[in-house]
Amino acid sequence: MDMNQPQNQQNGGIFVRFVNKVIDVVLWQGKLLAAANSRKMLVLEPDTLQVLREYSIGYPVRRAFRKTEDGRLFLIKDHCLSEIDPVTFRPVKFAAPLAPVTAGGAIAAGRIYFACSDREVHSCKIPERKK
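Residues in the sequence shown are numbered from 19 upward in steps of one, following the numbering used here.
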């Protein structure tokens with residue numbers, strides 16, 4: 019076994035070194051996206067579980083991925099709300115809550131709803147889709 023390889027098939031699954039506590043996994047645009055509390059987001063090929071891309075996402079992840087009815091994908095982190103770019107899969111920050119996000123991620127009427135500091139419910143307008 020080559021320990022320098024970033025991934026390793028084990029029991030039909032995948033072990034990715036330097037990733038701690040995967041919080042959420044979603045299938046989107048034909049790829050699997052995995053958000054980990056080690057401040058990483060992985061883009062994987064569903065059939066082989068090969069890691070295609072890896073992004074540092076800078077903040078711990080709480081509720082992770084949320085999809086809109088029109089197919090957009092958002093990533094909710096402690097101090098940052100991001101939209102996933104549909105071409106590069108890179109998270110693009112669009113809002114920074116004033117306190118850590120502790121729960122939530124509901125999407126309705128063009129807004130994302132979330133809780134901060136375990137007691138305050140907030141919402142943020144979802145930005146217009148880029149053309």
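All C-beta atoms in this analysis are idealised placements derived from N, C-alpha and C, irrespective of residue type, glycine included.
Quantities reported herein were computed from a predicted structural model and do not represent experimental measurements.
Three-way DSSP call (helix, strand, coil) for residue i in this model
i, result
"Leu62", "strand"
"Thr120", "strand"
"Ala133", "strand"
"Leu5", "The chain is shown from 19 up to 149; residue 5 falls before or after that span and cannot be answered."
"Val183", "No answer is possible for residue 183: it lies beyond the span of the chain, which begins at 19 and ends at 149."
"Ser141", "strand"
"Leu67", "coil"
Rounded straight-line distance, which links the Cα of residue j to that of residue i
i, j, result
"Ala127", "Ile144", "9 Å"
"Met59", "Ala124", "21 Å"
"Ala53", "Ile130", "18 Å"
"Glu146", "Lys39", "32 Å"
"Met19", "Leu67", "Low local confidence applies: a pLDDT of 34 at Met19 is under 50, so the model's placement there is unreliable, and no value is given."
"Gly122", "Tyr73", "23 Å"
Short Cβ contact (8 Å threshold) for residue i with residue j
i, j, result
"Pro64", "His97", "no"
When the options are compared against residue i, the one with the closest alpha-carbon
i, options, result
"Pro78", "Glu146, Cys142, Asp42", "Asp42"
"Phe112", "Thr66, Ser100, Phe132", "Ser100"
"Lys95", "Pro104, Phe132, Val61", "Phe132"
Original post:
With contact counted as at least three CB pairs below 8 Å, one residue from each stretch, are the segment 46–56 and the segment 88–102 in contact?
Top reply: yes
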